[in-house]
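So, in structure tokens, the structure goes:
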């Protein structure tokens, strides 16, 4: 069903008529247009943009594509070399750059992180020594978030699956919090036609109340001088400007005005900014930024212990997997009783132990692999990691063979392929692992990641 065949609620149209006035006709016409396709390149993985891509003016490395390709059939997509992301949501890039411009280490919480677009953007911008905690309360969406964060390749992160209220023990801990709140989805009416039929005034009211509860839980988590970025993919005042006004009245938060180019087409509101599809090449998106000038800094209450079955690995154990990493002594390692090993920057050990000690659980850093006896089995996340050793044995495949690997199909072993673990690469980007044996190749790509559609 096309956009023109899926009706839009008259109540919604009346709401937008009141909001936009003389701009309404242009807005209404834009809802039936094909939305642009856009993506953001990984700043560290070095993909070269196609010459027919058009730059997005507000973000370096963001591009509009002339049409929507089948991303599933692009091996580079599976390597985490880029993230398919809606262009309006990338407007957070210049805002975050300004908030982080002094390049001091910060603790960041992305409270509603799935599927990972904004968390991967944040990860790419963080100063050295920073920690990102990215969270998703819904289990199925949380699994997608973990995968996308692994694919992006940074290790200075903790992925959690908690309700906002569960972070209460970390009051005053975070310097920056992003709440990209679940909303009524008015800004998605072009991309997601189901959002049209699911919309109702009652749903708007429900979403606004849920957003207040989430914000109420997260504001105390901000350190004095910390910043809150609140965003939605919707238009109505109840979920946007009225919630922003409530934050100011309830908590005394101060509006932070970022320097944004007027030529981009953003509409400045009293507290925030609104992107409209008839004003810029993107979907509906709202954001506002606040500073918490008061409050009590976080105080560590005790010596923290790790969750059950996890322990910090000793220096004598590190050589068992050190050859797989660049600068292995720069990291701290967590080892599970089953042999699983995870790593994160050593300078973050105190913060990591604090977060785990206060909230009890989370996926820390990057999974390196698993020790089984004297053998080390590399994890899929290590194939994507920015910290994988440059000397790791690797096999470069053609596109056809790379797709066969991603499909989980067998392919012919070449005579010169060394026996043992090999990183499978396409155009230099890591896709996963195989173990080359004398007479066959074992494909270690997890079944959950394998391409299900036809590849030819």
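Numbering (my numbering), first residue to last: 456 to 911. For each residue, glycine too, the CB sits at the ideal point set by N, CA and C.
Measure how close the beta-carbons of residue i and residue j come, nearest whole angstrom, since I'm counting them as under 8 Å.
i: residue 651; j: residue 644; result: 5 Å
i: residue 824; j: residue 834; result: 5 Å
i: residue 601; j: residue 614; result: 5 Å
i: residue 554; j: residue 658; result: In fact, because the Cβ distance is near 32 Å, the residues do not count as touching under 8 Å.
i: residue 577; j: residue 545; result: Rounded, the Cβ-Cβ distance is 12 Å, inconsistent with contact.
i: residue 688; j: residue 640; result: 6 Å
On a Cα-Cα basis, can you pick out the residue from the options that is closest to residue i?
i: residue 782; options: 836, 696, 844, 731; result: 844
i: residue 468; options: 642, 544, 543, 795; result: 642
i: residue 858; options: 746, 880, 665, 664; result: 880
i: residue 715; options: 728, 889, 635, 838; result: 728
i: residue 564; options: 590, 554, 549; result: 590
i: residue 771; options: 763, 787, 578; result: 787
i: residue 634; options: 472, 827, 694; result: 694
i: residue 711; options: 615, 725, 705, 720; result: 725
i: residue 750; options: 696, 812, 796, 627; result: 627
i: residue 735; options: 582, 509, 542, 792; result: 542
i: residue 580; options: 562, 569, 592; result: 562
i: residue 685; options: 708, 679, 889; result: 708
i: residue 622; options: 812, 484, 699; result: 812
i: residue 908; options: 721, 527, 572; result: 527
i: residue 678; options: 773, 745, 896, 649; result: 745
i: residue 837; options: 815, 896, 780, 790; result: 780
i: residue 761; options: 902, 755, 817, 740; result: 817
i: residue 840; options: 886, 854, 851; result: 886
i: residue 620; options: 485, 552, 671, 512; result: 671
i: residue 525; options: 492, 630, 877, 499; result: 492
i: residue 892; options: 910, 871, 911; result: 871
i: residue 479; options: 488, 498, 573, 733; result: 733
i: residue 720; options: 608, 798, 739; result: 739
i: residue 506; options: 519, 499, 472, 498; result: 519
i: residue 556; options: 713, 533, 510, 487; result: 713
Helix, strand or coil: which one does DSSP assign to residue i?
i: residue 664; result: helix
i: residue 531; result: helix
i: residue 629; result: strand
i: residue 543; result: helix
i: residue 730; result: strand
i: residue 682; result: strand
i: residue 864; result: coil
i: residue 618; result: coil
i: residue 851; result: strand
i: residue 896; result: strand
i: residue 644; result: coil
i: residue 435; result: There is simply no residue 435 to check, as the chain begins at 456 and stops at 911 in what is shown.
i: residue 472; result: helix
i: residue 884; result: strand
i: residue 613; result: strand
i: residue 651; result: helix
i: residue 827; result: strand
i: residue 509; result: strand
i: residue 841; result: coil
i: residue 483; result: helix
i: residue 406; result: Residue 406 lies beyond the stretch modelled for the chain, which goes from 456 to 911, so this question has no answer here.
i: residue 493; result: strand
i: residue 635; result: strand
i: residue 515; result: coil
i: residue 890; result: strand
i: residue 872; result: coil
i: residue 906; result: coil
Could you tell me whether the Cβ atoms of residue i and residue j are closer together than 8 Å?
i: residue 785; j: residue 800; result: yes
i: residue 539; j: residue 502; result: no
i: residue 810; j: residue 617; result: no
i: residue 827; j: residue 875; result: no
i: residue 599; j: residue 569; result: yes
i: residue 862; j: residue 896; result: no
i: residue 535; j: residue 606; result: yes
i: residue 547; j: residue 866; result: no
i: residue 584; j: residue 802; result: yes
i: residue 776; j: residue 807; result: no
i: residue 648; j: residue 461; result: yes
i: residue 691; j: residue 667; result: no
i: residue 464; j: residue 655; result: yes
i: residue 878; j: residue 888; result: yes
i: residue 706; j: residue 482; result: no
i: residue 702; j: residue 629; result: no
i: residue 604; j: residue 612; result: yes
If we define contact as Cβ-Cβ less than 8 Å, is residue i a contact residue for chain B?
i: residue 649; result: Chain labels in this structure do not include chain B; a single protein chain is all it has.
When every heavy atom of the ligand ATP is checked, does at least one fall within less than 7 Å of the C-beta of residue i?
i: residue 636; result: The model depicted lacks the ligand ATP and carries no ligand whatsoever.
Q: Note down, one range per segment and in chain order, each alpha helix (DSSP H) of at least 4 residues found wholly within the segment 771 to 824.
A: 804 to 814
Q: For the segment 693 to 771, list the alpha helix (DSSP H) runs that are entirely contained and at least 4 residues long, ordered along the chain.
A: 696 to 706
Q. Enumerated in chain order, which unbroken segments of the alpha helix (DSSP H) with a length of 4 residues or greater are wholly contained in the segment 551 to 605?
A. 572 to 580
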